[in-house]
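Novice:
Numbering (UniProt numbering), first residue to last: 1 to 671.
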């Protein structure tokens, strides 16, 4: 009995604690039944004992057979699992390689050996076996899934340093599907002929037809070249539909269609330019179309003759924009803007006007002009100004306000403006369109749904979301010029512009045009003539433009540090431990253009706010705006700037030199 019931011979099911308990209970009941049977009748007890014995033997034999079957099943299952693991390691798609301590190949599975052909790889350095694969392994961070290209296929590479193992998963099929999906995403474009109305207004019907046919044929050939779809919506408006693959191709081509049409039409004395806005990356076609229109508006706001490619929530990419914008403003547009401004003022309880930080004469002169227009319409207007951060010329103007107490009282601090502003107030941003450089960004956010913009700089990517009215004319000499034209269309019942306001606005035009030598047109001189007739004093202008001795010496000190880049560009980098006034840096950049052979100038200085600023100027042969945009700034083709945080003057200088010397980023402006 001991041998029969030894632990080695007890079936596995009895080795389970729960089943063992059930067996003990069953045995106890059987014994109890036998005892009771003997107490009743010894013959009956013997019969029950025999029956229980037979039943017990049958149960144990049955359970033993079940246990043997279970053991055999588990054994077979374990064997199949081990065999499956071996088959998976040897035959399934993941490639496996075991490397030694010296990067020699100790083992590869047959799947990975297939890529090496008949080459014997064991005991050889992985670098000798396949240098490309060795580099991919070394460049892959341990325990990180990385997608790599090897032998014209795509793999997910995983390096396990603990076991010196390398795993390669072939994902070429899925990668091709992903690439096809990415390539076939939809991009929507809007093409606009910037100056079609201006060019065609003096042409004959036949010439207009020929010009229209030429542009349509060129655009049709262009879209066919890149497998796109073109639909003409109007005489000067086209719709483009393209795949992302085609968009990448035309971006690589740098949108040469702009140059082709501009140069060809210029030779025929009908210079025509294009602006294009393209949007991509959104599965919602309605949102994509809205983004394309927004991109076109951005291109037009920057002066036209360029392309803006942008997806929602991503930075815009610019192409073209290398020419000075052509004059498209008309007296009709100036009148419409003036009347719209008048209506908006009448709908507001009060008006706030502010320029950019560290305002110049154009910025403050524009503020004074808007205040006068508000007074002509019997509206209260406040000029928001931080008097602690003004330059000497602006300070001299403010000092003269003692003779004009009503104007002096209208100049308030940013904090006072926040206290006065209501939900029905309107804010005018003049001489800038970036909220981040407003004198009071808080006031902008308070009135962001009640904003109007009047500016002459090219529009940047940062722009108010819901302006009431936008008047941006990049070809204009100054904001003061734009505002001066509005006086003619205002109510003549109000008090006209006074001597100080006219002098300040004329000074703003004078400074921004470098004494009427840059960015001037017939409209500039018309505006200057109007201001002169309104009482602008040339003697006071000279007083405003005088600089103090410290500024003069500081500017000359900067000019002494000039160095030349590519013979036609002058560069100044100020000392790292000395701060310079931005106006002084700008004046130094202007002075460098007076040197023989200098077509562009760049002055890099540390500003009082800790940032490094660059003032860039040119005579028009070199597009400094594109250079400054590459460094996060902007401006005009011949007048631009940027401010950079968290970098030294030396680092900013090197960044600028890298851009100027870059062969694939030309800065030459188109003639």
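C-beta: ideal position from N, C-alpha, C; glycine also.
Within 10 angstroms of its Cβ, does residue 512 collect 16 or more other Cβ (buried), or is it exposed?
Specialist: Residue 512 is buried by the Cβ-count criterion.
Novice: Taking buried to mean at least 16 other C-beta atoms within 10 Å of its own C-beta, is residue 661 buried or exposed?
Specialist: Label assigned to residue 661: exposed.
Novice: Here's the rule: buried if 16 or more other CB atoms are within 10 angstroms of the residue's CB, otherwise exposed. What is residue 628?
Specialist: Looking at its Cβ environment, which holds 16 or more other Cβ atoms inside 10 Å, residue 628 is buried.
Novice: Consult DSSP for residue 447 and reduce its assignment to one of helix, strand or coil.
Specialist: Three-state DSSP puts residue 447 in coil, outside helix and strand.
Novice: Would you call the stretch 559–576 and the stretch 529–549 in contact, with 3 or more CB pairs under 8 Å?
Specialist: Flag = no, the stretch 559–576 and the stretch 529–549 do not touch.
Novice: Got a sec? Which residues, its chain only, sit under 6 Å from residue 134 by beta carbon, not counting five neighbours each side?
Specialist: For residue 134, where only same-chain residues beyond five positions count, the Cβ hits under 6 Å are 126, 127.
Novice: Taking C-alpha atoms, which residue in 382, 427, 405 lies nearest to residue 413?
Specialist: Checked all of 382, 427, 405; the closest Cα to residue 413 is 382.
Novice: Is the beta carbon of residue 432 sitting closer than 7 Å to the one on residue 356?
Specialist: Yes, the pair counts as a contact, with Cβ atoms nearer than the cut-off.
Novice: Contact between the stretch 146–159 and the stretch 244–262 is defined here as three or more beta-carbon pairs at a separation below 8 Å; is this criterion met?
Specialist: No: the two stretches stay apart, fewer than three of their Cβ pairs being nearer than 8 Å.
Novice: Nearest to residue 644 by alpha carbon, out of 406, 434, 630?
Specialist: Among 406, 434, 630, the Cα nearest to that of residue 644 belongs to 630.
Novice: With a threshold of 7 Å between beta-carbons, can residue 169 be considered close to chain B, or not?
Specialist: Absent from the structure: chain B. Only one protein chain is present.
Novice: For residue 167, which residues does DSSP report across the bridge?
Specialist: Its beta-bridge partners are 96, 158.
Novice: List the endpoints of the continuous beta strand (DSSP E) containing residue 189.
Specialist: From DSSP, the beta strand (DSSP E) with residue 189 extends over 186–193.
Novice: List the DSSP bridge partners of residue 617.
Specialist: According to DSSP, which records beta bridges pairwise, residue 617 is partnered with 601, 639.
Novice: Please report the distance separating the alpha-carbon of residue 497 from that of residue 183.
Specialist: Rounded to the nearest angstrom, the two C-alpha atoms are 59 Å apart.
Novice: What residue does the beta strand (DSSP E) around residue 196 start on, and which one ends it?
Specialist: Careful: residue 196 lies outside any beta strand (DSSP E), inside the alpha helix (DSSP H) at 196–200.
Novice: Could you tell me how far apart the beta carbons of residue 374 and residue 345 are, in whole angstroms, since I believe they sit closer than 8 Å?
Specialist: Yes, residue 374 and residue 345 are in contact; Cβ-Cβ is about 6 Å, under 8 Å.
Novice: What do you reckon, are the CB atoms on residue 296 and residue 192 nearer than 7 Å?
Specialist: Cβ atoms of residue 296 and residue 192: closer than 7 Å.
Novice: Could I get the ranges of all uninterrupted alpha helix (DSSP H) runs contained in the stretch 389–443, with 4 residues as the minimum, in chain order?
Specialist: As far as the stretch 389–443 is concerned, its whole alpha helix (DSSP H) runs of at least 4 residues are 392–399, 405–410, 414–420.
Novice: Report yes if the C-beta distance between residue 615 and residue 603 is below 7 Å; otherwise report no.
Specialist: Yes; because the gap between Cβ atoms is below 7 Å, this pair is in contact.
Novice: If you draw a straight line from the alpha carbon of residue 483 to that of residue 459, how long is it in whole angstroms?
Specialist: Straight-line Cα distance between these residues: approximately 18 Å.
Novice: Please report the Cβ distance between residue 228 and residue 215, rounded to the nearest whole angstrom; I am assuming they are in contact, meaning their Cβ atoms lie under 8 Å.
Specialist: Their Cβ separation, rounded to whole angstroms, is 16 Å, which puts residue 228 and residue 215 out of contact at 8 Å.
Novice: Please give the ranges of any alpha helix (DSSP H) in the stretch 461–526, keeping only runs that are unbroken, at least 4 residues long and fully inside the region.
Specialist: Listed in chain order, they are 479–486, 499–512.
Novice: Applying the 10 Å Cβ sphere with the 16-neighbour rule, what's the burial state of residue 429?
Specialist: So residue 429 counts as buried.
Novice: Assign residue 137 to one of two classes, buried (16 or more other C-beta atoms within 10 Å of its C-beta) or exposed (fewer than that).
Specialist: Per the 10 Å Cβ criterion, buried.
Novice: Expressed to the nearest angstrom, what Euclidean distance is found between the alpha-carbon atoms of residue 559 and residue 641?
Specialist: Each residue's Cα considered, the two are about 18 Å apart.
Novice: Please list the terminal residues of the continuous beta strand (DSSP E) segment that includes residue 318.
Specialist: Note, residue 318: beta strand (DSSP E), 317–320.
Novice: Could you compute how far the alpha carbon of residue 157 sits from the alpha carbon of residue 124?
Specialist: Spanning the two alpha carbons is a distance of roughly 21 Å.
Novice: May I ask you to verify whether the stretch 433–446 touches the stretch 364–372, counting CB pairs closer than 8 Å and requiring at least 3?
Specialist: Touching, no, given that fewer than three Cβ pairs across the two stretches are closer than 8 Å.
Novice: Closest by CA to residue 596, which one among 623, 568, 194, 554?
Specialist: Nearest C-alpha to residue 596: 568.
Novice: What does the Cβ neighbour count give for residue 255, buried or exposed, with the cut at 16 atoms within 10 Å?
Specialist: Result: buried.
Novice: Taking one C-beta from the stretch 384–394 and one from the stretch 446–456 each time, how about it: are there three or more such pairs within less than 8 Å?
Specialist: The stretch 384–394 vs the stretch 446–456: no contact.
Novice: To the nearest angstrom, how far is the alpha carbon of residue 129 from that of residue 102?
Specialist: Going by the C-alpha atoms only, they are around 14 Å apart.
Novice: Given a cut-off of 7 Å, decide if residue 242 and residue 187 are closer than it, judged by their beta-carbon atoms.
Specialist: Contact: yes.
Novice: With a 10 Å radius around its C-beta and 16 neighbouring C-beta atoms as the bar for buried, classify residue 304 as buried or exposed.
Specialist: By the 10 Å Cβ count, residue 304 comes out buried.
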